[in-house]
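Notes follow once the structure below has been shown.
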């Protein structure tokens, strides 16, 4: 599988391929933007509210939140 194919469904907080634009069929979000989204949820905003506001799928936001939690817990 090519890097582009691997990256098509990628939602990692720090995916280099996404940040550099290797995946061309999905939106690319910077690490900072993903962290802002996660922080909004940590500050009490619901995932669905964030999803409706940003157009990002709720499952993607949930994934980013899980990744951030794993990163914090070490």
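Numbering (our numbering), first residue to last: 467 to 540.
All residues carry an ideal CB built from backbone N, CA and C; glycine is no exception.
Please read these numbers as outputs of a predicted model, since none were measured by experiment.
Contact defined as beta carbons within less than 8 Å: I believe residue 528 pairs with residue 513. What is the distance between those atoms, to the nearest angstrom?
6 Å
Answer yes or no: does any C-beta atom of chain B fall closer than 7 Å to that of residue 495?
No chain B is present in this structure, which holds just one protein chain.
Count the other CB atoms, across all protein chains shown, that sit within 10 Å of the CB of residue 525; report buried if there are 16 or more and exposed otherwise.
exposed
Near residue 507, what residues of its chain come up, given a Cβ to Cβ distance below 8 Å and the 5 sequence neighbours on each side ignored?
513, 516, 527 and 531
Which of the three DSSP states is assigned to residue 548 in this structure?
Nothing can be reported for residue 548, as the shown portion of the chain is limited to 467 through 540.
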